[in-house]
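Novice:
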Amino acid sequence: MLKFIFQRVLSMILVVLIVATATFFMMRLLPSGPFSREKKLPQQIIDNLNARYHLDDPLWKQYIDYMGNLARGDLGPSFKYTNRTVNNIIDDGFPVSAILGAVAVFLSVAIGIPLGIWGALRQNGWQDNVVMFIALLGVSVPNFIMAVLLMLFFGLWLHVLPVAGWGSVSQIILPAFTLAGYPIAFIARLVRSSMIEVLRQEYITTARAKGISERLVIFRHALRNILIPVVTVLGPLIAAVFTGSFVVEKIFAIPGLGRYYVTSINDRDYTTILGVTIFYSALLVFMNFLVDLTYAWLDPRIRYVERKVS
Amino acid sequence: MATQSAWEFKEGTLPDGANFEPAPKNTVDLQQIAGRPTTYWNDAIRRLRRNKLAVVGFWIIIALFVIAIFGPMLSPYTYAQQDLTNTYQSPTLRHPFGTDQLGRDQMTRVLYGSRISLAVGVVCAALNFLIGVTYGGIAAYFGGRIDDIMMRIVDILYGIPTLIIVILLTVLFKDKGINPLVNVFIAIGLTYWLPMARIVRGEILSLKEREFALAAKTIGAPNNRILFKHLIPNAMGPIIVTVTLEVPSAIFTEAFLSYIGLGVSAPVASWGVLASDGTEAMRSYPYLVLFPALAISLTMFAFNFLGDGLRDALDPRLRQ
Numbered sequence: 341m342l343k344f345i346f347q348r349v350l351s352m353i354l355v356v357l358i359v360a361t362a363t364f365f366m367m368r369l370l371p372s373g374p375f376s377r378e379k380k381l382p383q384q385i386i387d388n389l390n391a392r393y394h395l396d397d398p399l400w401k402q403y404i405d406y407m408g409n410l411a412r413g414d415l416g417p418s419f420k421y422t423n424r425t426v427n428n429i430i431d432d433g434f435p436v437s438a439i440l441g442a443v444a445v446f447l448s449v450a451i452g453i454p455l456g457i458w459g460a461l462r463q464n465g466w467q468d469n470v471v472m473f474i475a476l477l478g479v480s481v482p483n484f485i486m487a488v489l490l491m492l493f494f495g496l497w498l499h500v501l502p503v504a505g506w507g508s509v510s511q512i513i514l515p516a517f518t519l520a521g522y523p524i525a526f527i528a529r530l531v532r533s534s535m536i537e538v539l540r541q542e543y544i545t546t547a548r549a550k551g552i553s554e555r556l557v558i559f560r561h562a563l564r565n566i567l568i569p570v571v572t573v574l575g576p577l578i579a580a581v582f583t584g585s586f587v588v589e590k591i592f593a594i595p596g597l598g599r600y601y602v603t604s605i606n607d608r609d610y611t612t613i614l615g616v617t618i619f620y621s622a623l624l625v626f627m628n629f630l631v632d633l634t635y636a637w638l639d640p641r642i643r644y645v646e647r648k649v650s
Numbered sequence: 379m380a381t382q383s384a385w386e387f388k389e390g391t392l393p394d395g396a397n398f399e400p401a402p403k404n405t406v407d408l409q410q411i412a413g414r415p416t417t418y419w420n421d422a423i424r425r426l427r428r429n430k431l432a433v434v435g436f437w438i439i440i441a442l443f444v445i446a447i448f449g450p451m452l453s454p455y456t457y458a459q460q461d462l463t464n465t466y467q468s469p470t471l472r473h474p475f476g477t478d479q480l481g482r483d484q485m486t487r488v489l490y491g492s493r494i495s496l497a498v499g500v501v502c503a504a505l506n507f508l509i510g511v512t513y514g515g516i517a518a519y520f521g522g523r524i525d526d527i528m529m530r531i532v533d534i535l536y537g538i539p540t541l542i543i544v545i546l547l548t549v550l551f552k553d554k555g556i557n558p559l560v561n562v563f564i565a566i567g568l569t570y571w572l573p574m575a576r577i578v579r580g581e582i583l584s585l586k587e588r589e590f591a592l593a594a595k596t597i598g599a600p601n602n603r604i605l606f607k608h609l610i611p612n613a614m615g616p617i618i619v620t621v622t623l624e625v626p627s628a629i630f631t632e633a634f635l636s637y638i639g640l641g642v643s644a645p646v647a648s649w650g651v652l653a654s655d656g657t658e659a660m661r662s663y664p665y666l667v668l669f670p671a672l673a674i675s676l677t678m679f680a681f682n683f684l685g686d687g688l689r690d691a692l693d694p695r696l697r698q
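Protein chains in written order, with my numbering: chain A, 341 to 650; chain B, 379 to 698.
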């Protein structure tokens, strides 16, 4: 187990390093510099700006400096907002995105698992068909469409929830459900199919033969084995929630990191793009790592041995 | 079990009271009892047909292609044609989906958008075959060190969310002044082959150990012939399912990129652009966002329905 953790930590660092390097050179390769404007600036100003941000250094030195700063957790200044650093932007935006994301992940698990179980218990009945149809709907409707539809319906027609903004509990509901739409559907489908498979296994028959209530059979015996596939997909689903926040935060006017990221892309704020990309990659790689650990903890049958070369 | 076949029993050798009837010897009569022998593909198609949602999805996709090809030709308007005296018209007979802020016919724009979305889907599918299948096939077939290096690259790329790679690539290409639609194609092409490579690798790893692969090797078939003519055709089932499920996600990505302003730009009408424009006018003119939203969702539905049905039909493990 320790060896597994060590290997995973090494490969995590490697992935983040590769992302950082690739993104760094990508941003430096762009033909238009961060200070190119419609109106041409005088050469002297451009030189001064380049000197201020060390863009006149040779590329390899810039890279080493950046990586050195990165190791200390310093992502450098923003090109767009002269008195803000990328760290400031992340400090401002990330807590908001994290709250929204956590609510969305909670909703996906809290709704997706019961829906899936319900469908499986009434396999091929009308309830099952309804669950599966909703699930396919959730997988098929893109998040930005879902956002607009929820906004139209609950905000503009029914007037029960605020259309946009951030700060009150009622303002979290619509964006959180938008973000959770896809994961809810995905988890419901997964839980349904694994539940159907698990219920056919012999240990369930044994449990029933002992005469314990159906509720106990489902929640004590079957559920534990269903959680394993759910945990394995949590990694990609968390990634989906984060990338979904790019557009959901924009539509609902939420001051989160996703919105800053999209704004920085449209503004060509290269240092912010670079920094936030590295931050997102590190975060997701770390989330995947946590998911893997949970997985190992939930299912003792899984042995993390060194991958054999086949 | 007895090693004797049924028809080797002679008359009178059956135990008393047994009501056995010897099976006919010739294959034609045998088939009448057992039913016609069915191939993998016939069997799959039969099961796919029984899945109503998948059939509906299939016909929607066919209809979409027909509409995408002929729809814009039949429309009396073009996607960029402005009519500033008729802006924000509600849906009428002349403009079934209404008109937008510049008086452009929304229906024509939605029809035109289907071309972009389906083109993205087709390109994604083609690149999936070209890059994903080849990459995964080569990694699995040659194995060892090659496989290790190739799959490690895939693992690393897998660790980063596809959308972030696509966004970065689009930013890069956009500044190089490449046509935005081509950007999206390149970005999607460079990233969407990853799941395919993994799946094909898994399939080929087990297929290459089978006897027919060995047989091909013993008669001296070259490696690329064994891989592309013998092994990959046998992995077609999972490949097709993966393509059908990758296509809607590529279509989604294009719409997403256009929605946040990184995909195609005005006056070209992609569904993402239309949805984005529609969102801005949503409070007063909700129909503007409704039709592109319906179009995107319907397309994604159709592909997901079909992909799901194909998976159930082609996966031998799900056979009853």
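Built from N, CA and C at the ideal position, the CB exists for glycine as well. This structure is a prediction, so every number in the text was calculated from the model and none was measured.
#1: Check the C-beta distance from V646 of chain B over to I617 of chain B and give it rounded, since I have them as a contact under 8 Å.
#2: Under a Cβ-count criterion, where at least 16 other Cβ atoms within 10 Å of its own Cβ denotes burial, should R487 of chain B be classed as buried or exposed?
#3: Since G685 of chain B and I582 of chain B are thought to touch, with beta carbons under 8 Å apart, how far apart are those beta carbons, to the nearest angstrom?
#4: My guess is that V625 of chain B and F681 of chain B are in contact by the Cβ rule of under 8 Å, so how many angstroms apart are they, rounded?
#5: What does T363 of chain A touch in chain B if you count any residue whose Cβ is under 8 Å from its own?
#6: Beta carbons nearer than 8 Å to chain A: which residues of the segment 622-640 of chain B have them?
#7: Could you tell me whether the segment 445-461 of chain A touches the segment 617-629 of chain A, where touching means 3 or more Cβ pairs closer than 8 Å?
#8: Quick one: list the residues of chain B neighbouring Y620 of chain A, beta-carbon separation under 9 Å, in chain order.
#9: For P573 of chain B, collect the residues of the same chain with a Cβ closer than 7 Å to its Cβ; drop the 5 residues on either side in sequence, then sort them by chain order.
#10: So P664 of chain B contacts chain A; which residues on that side make the cut at Cβ distance below 7 Å?
#11: Is DSSP giving T657 of chain B helix, strand or coil here?
#12: So if DSSP puts D483 of chain B in a beta bridge, which residue, or which two residues, is it bridged to?
#13: Taking the alpha-carbon of Q479 of chain B as reference, which of B:P664, B:T405, B:T631 has the nearest alpha-carbon?
#14: When the Cα of H394 of chain A is compared with those of A:L638, A:G584, A:T611, which residue comes out closest?
#15: Helix, strand or coil for P398 of chain A? Go by DSSP, reduced to three states.
#16: Only counting runs of 4 or more residues, tell me where the alpha helix (DSSP H) segments fall wholly within the segment 513-545 of chain B, in order along the chain.
#17: Using a C-beta to C-beta distance shorter than 9 Å, which residues of chain A count as neighbours of A653 of chain B?
#18: Look at the Cβ atom of L609 of chain B, then the Cβ atom of A591 of chain B, and state whether they are nearer than 8 Å.
#19: Does chain A have any CB closer than 8 Å to the CB of L550 of chain B?
#20: Could you spell out where the alpha helix (DSSP H) holding K343 of chain A opens and where it closes?
#21: Taking F606 of chain B as the query, report the chain A residues whose CB atoms sit under 7 Å from its CB, ordered along the chain.
#22: May I ask which residues mark the beginning and end of the alpha helix (DSSP H) holding A450 of chain A?
#23: Could you give the distance in angstroms between the alpha-carbon of W586 of chain A and the alpha-carbon of T596 of chain B?
#24: Could you work out which residues of chain A lie near V667 of chain B, taking near to mean beta carbons separated by less than 7 Å?
#25: Ignore the nearest five residues each way along the sequence and tell me which others in F683 of chain B's own chain have a CB closer than 7 Å to its CB.
#26: Mapping the DSSP letters down to three states, classify P417 of chain A as helix, strand or coil.
#27: Can you say whether D431 of chain A is buried or exposed, counting buried as having 16 or more other CB atoms within 10 angstroms of its CB?
#28: Using CA coordinates, which residue listed in B:E632, B:V544, B:G476 is at the minimum distance from P482 of chain A?
#29: So, does the CB of M366 of chain A fall closer than 8 Å to a CB anywhere in chain B?
#30: Among the candidates A:D414, A:L577, A:E537, whose CA atom is the shortest distance from the CA of S448 of chain A?
#31: Contact criterion: CB-CB distance below 8 Å. Does T612 of chain A meet it with respect to chain B?
#32: Is R576 of chain B close to chain A, meaning its C-beta is less than 8 Å from at least one C-beta of that chain?
#33: Relative to the C-alpha of V573 of chain A, which candidate in A:A362, A:L539, A:V631 has its C-alpha closest?
#34: Taking 6 Å as the limit between beta carbons, can you name the residues of its chain near T540 of chain B, skipping five residues before and five after?
#35: Using only the alpha-carbon positions, how far apart do L440 of chain A and T363 of chain A sit?
#36: Nearest chain B C-beta to N423 of chain A closer than 8 Å, yes or no?
Specialist: According to the structure data:
#1: Wrong, their Cβ atoms sit about 32 Å apart, outside the cutoff.
#2: That one is buried.
#3: Not quite, the Cβ-Cβ distance comes to about 22 Å (not below 8 Å), so this is no contact.
#4: Right, the Cβ-Cβ distance comes to about 5 Å (below 8 Å), so this counts as a contact.
#5: Ordered by position in chain B, the residues that pass the 8 Å Cβ test against T363 of chain A are L546.
#6: Here the close residues are P626, F630, A633, F634, Y637, I638, G639, L640.
#7: Short answer: they don't touch.
#8: Simply I538, P539, I542.
#9: Within the same chain, P573 of chain B has close Cβ partners T620, E624.
#10: Those within 7 Å of P664 of chain B in chain A are L492.
#11: In the structure shown, T657 of chain B falls within a helical segment according to DSSP collapsed to helix, strand and coil.
#12: Beta-bridge pairing by DSSP links D483 of chain B to B:T477.
#13: Measuring from the Cα of Q479 of chain B, the nearest candidate turns out to be B:P664.
#14: Considering only alpha carbons, the answer is A:T611.
#15: It is coil, neither helix nor strand.
#16: Counting only runs of 4 or more, we get 522-537.
#17: P482, F484, I485, V488, listed in chain order.
#18: The Cβ atoms of L609 of chain B and A591 of chain B lie closer than 8 Å to each other.
#19: Between L550 of chain B and chain A, the shortest Cβ-Cβ separation is below 8 Å.
#20: Taken as a continuous stretch (DSSP letters only), the alpha helix (DSSP H) holding K343 of chain A covers 342-369.
#21: Ordered by position in chain A, no residue passes the 7 Å Cβ test against F606 of chain B, which lies about 22 Å from the chain.
#22: Boundaries of the alpha helix (DSSP H) around A450 of chain A: 426-461.
#23: One point to set straight first is that residue 586 of chain A is Phe, not Trp, in the sequence displayed. For the pair F586 of chain A and T596 of chain B, the Cα-to-Cα distance works out to about 55 Å.
#24: Per Cβ cutoff of 7 Å: V488.
#25: Answer for F683 of chain B: L431, A432, V434, G435, listed in chain order.
#26: In the structure shown, P417 of chain A sits in a strand (DSSP, three-state: E or B).
#27: D431 of chain A is exposed by the Cβ-count criterion.
#28: Shortest Cα-Cα distance from P482 of chain A to any of B:E632, B:V544, B:G476 involves B:E632.
#29: M366 of chain A belongs to the set of residues whose beta carbon lies under 8 Å from a beta carbon in chain B.
#30: Here the closest residue by C-alpha is A:L577.
#31: It does not: the Cβ of T612 of chain A has no partner Cβ on chain B nearer than 8 Å.
#32: When Cβ-Cβ separations below 8 Å define contact, R576 of chain B makes no contact with chain A.
#33: Check the Cα spacing between V573 of chain A and each of A:A362, A:L539, A:V631: the tightest is with A:V631.
#34: So the qualifying residues of the chain are T569.
#35: Using only the alpha carbons, I get a separation of about 27 Å.
#36: Taking Cβ atoms only, chain B never reaches closer than 8 Å to N423 of chain A, which makes this a no.
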